[in-house]
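The next block holds one structure in the form of structure tokens; read it before the comments.
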Amino acid sequence: MIVSIRSLMQRLRFIVIFFLATYVVVQLLSFVSVWIAPVNKYREPQGRAVKVFHPNVDLDMEPEQFRERLKLYYWLGE
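Mapping the sequence shown onto this note's numbering, position 41 (from 1) lands on 63, and the numbers just tick up by one.
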């Protein structure tokens, strides 16, 4: 079996270029994802926006209150 040095070098060159291009694309996508992500997504809204999530919700609901909330959920379809 004859192995050509020229073809071996071409394959090695291709592999190196492929890995370098892959690394560059991954770094570029990482930079873009950091650039797009909001700085603090849990901050208070500005303007007329309203924050609707309340982290300290009382989970000990009365059964009637739970039924009313479930009924409202099904009624609004959300």
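Idealized CB from N, CA, C, for every residue including glycine.
Three-state secondary structure (DSSP) of residue i
i: K63; result: coil
i: A71; result: coil
i: S26; result: coil
i: E90; result: helix
Rounded separation between residue i and residue j - CA only
i: P85; j: R65; result: 33 Å
i: R28; j: V46; result: 27 Å
i: K63; j: S55; result: 14 Å
i: S52; j: F41; result: 16 Å
i: G99; j: K73; result: 21 Å
i: R89; j: T44; result: 54 Å
i: W97; j: P67; result: 28 Å
i: M23; j: Q32; result: 18 Å
i: A71; j: K93; result: 27 Å
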